[in-house]
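In this note's numbering, the protein residues as written are 107 to 476.
Worksheet for the structure shown next.
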């Protein structure tokens, strides 16, 4: 009886382990680990979660990709989208333009605006002249209706109607949309809710994820709209500022280099950096030629010089060092992706694609080369 019980227990444990493995595998497959390239024949290849897939058997005319999809115009001038292992035919690419973000693909045929979202094609406007798209949010003006709309999380939101003219400016972050309307009112859309921030246009503004920074044109105060709340950061306009995923780096009016994260500000330097860039959760800067990264509250010096060739990702940084090696900072860890001479490379999400030698494409992903 004990033997039968042990066998039954072992069976159930294996069954639970099997379904747990399937669950993890399914979770991994739905994650966004994608890259694309044209091989030496011109055929379009995709690297998708550790596997290479040939998307076309003839040279393509153009392609673009984000973290979740590859959009391309094939040899017959047809526009197609590869998403989660499947290719979706869209339409013929005549009088055509397209824009690819990590979650949305917007494209236009003449004045007709479409969006591809989670495997579904939607027509947004038949008469569109201006639009902006970034990650999960798309804003567009419908010229036939004189109305301003946003597309966010699968639904269309009417922002303003009966307009006499188009918005003066629009900027989209990952989940924040800001715009100055025809009357000069400065507005924000966040999580589907609209709010007026000022009745005059800002001097400057930048939108990210959960964050919007701007300088007003009345007192020249520096403000933040952060997770639905508005606050004054400084009483003087900064020299420069850049935003990412809930973070911001800026040089204040006294020349201090500061970072805003998790609702508070800290000073990184009492002097101006040589340069700084922000993308996603990453802040990269150079000071006295030292190459540094700020990631999740910590500063790490990557090199004792400033490389001329580097790319930021949402959670990482790729660069060519002085010896010509391709290096990667990925979620706190530093890897040497290649010791060979690199012709070009691309960091998208967690996937680092690079070309070495003649028509040799490799991918560095999760600590190993493919």
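For every residue, glycine included, the Cβ atom is placed at its ideal position computed from N, Cα and C.
Here residue 174 is buried: its Cβ has 16 or more other Cβ atoms, across all protein chains shown, within 10 Å. Apart from the 5 residues on each side of it in sequence, residue 184 sits with its Cβ closer than 8 angstroms to the Cβ of 195, 196, 197, 198 and 199 in its chain, given in chain order.
Taking C-beta atoms as the reference points, residue 201 and residue 225 fail to come closer than 7 angstroms.
Non-local C-beta neighbours of residue 405 in its own chain, meaning closer than 8 angstroms and more than five positions away in sequence, comprise 374, 398 and 399, ordered along the chain. Just measuring C-alpha positions, the residue of 446, 441, 291 and 260 sitting nearest residue 456 is 441. Comparing alpha carbon positions, the residue from 345, 357, 438 and 335 closest to residue 368 is 335. When DSSP states are grouped into helix, strand and coil, residue 179 belongs to the strand group. Close CB contacts of residue 345 within its chain, under the 6 angstroms cut and outside five residues either way in sequence, are with 357 (chain order). The DSSP assignment places complete beta strand (DSSP E) segments of no fewer than 3 residues inside the region 145-169 at 150-154 and 157-160, in order along the chain. According to the DSSP assignment, residue 372 belongs to the beta strand (DSSP E) that extends over 370-375. For residue 275, the CB contacts under 7 angstroms within the same chain, skipping 5 residues up- and downstream, are 285 and 286 in chain order.
According to the DSSP assignment, residue 193 belongs to the beta strand (DSSP E) that extends over 192-198.
The three-state secondary structure of residue 288, taken from DSSP, is coil.
Under the three-state reduction of DSSP, residue 456 is assigned to coil, being neither helix nor strand. Assignment of residue 272 by DSSP, reduced to helix, strand and coil, places it in the coil class. Taking C-beta separations shorter than 6 angstroms and ignoring five residues to either side along the sequence, the partners of residue 339 in its chain run 328 and 330, following chain order.
The Cβ-Cβ distance between residue 432 and residue 443 falls below 7 angstroms. Taken through DSSP and simplified to helix, strand or coil, residue 213 comes out as strand. Cβ contact annotation for residue 363 (same chain, cutoff 6 angstroms, sequence separation greater than five): 357, 374, 375 and 379, in chain order. Note: residue 319 is bridge-paired with 312 and 330 in the DSSP secondary-structure output. Boundaries of the beta strand (DSSP E) around residue 234: 234-240. By the beta-carbon neighbour count (other beta carbons within 10 angstroms, threshold 16), residue 308 is buried.
Per the coordinates, the alpha-carbon of residue 306 lies some 11 angstroms from the alpha-carbon of residue 321. Bounds of the beta strand (DSSP E) holding residue 355 are 353-357.
Annotated three-state conformation of residue 226 is strand, per DSSP. Residue 416 carries a strand assignment under DSSP once its states are collapsed to helix, strand and coil. If you draw a straight line from the Cα of residue 300 to the Cα of residue 245, it is about 13 angstroms long. With a cutoff of 7 angstroms on beta-carbon distance, residue 170 and residue 177 are scored as near each other.
The beta-carbon separation of residue 316 and residue 294, rounded to 12 angstroms, does not stay under the 8 angstroms limit for a contact. The residue from 416, 264 and 261 with its alpha-carbon nearest to that of residue 392 is 416.
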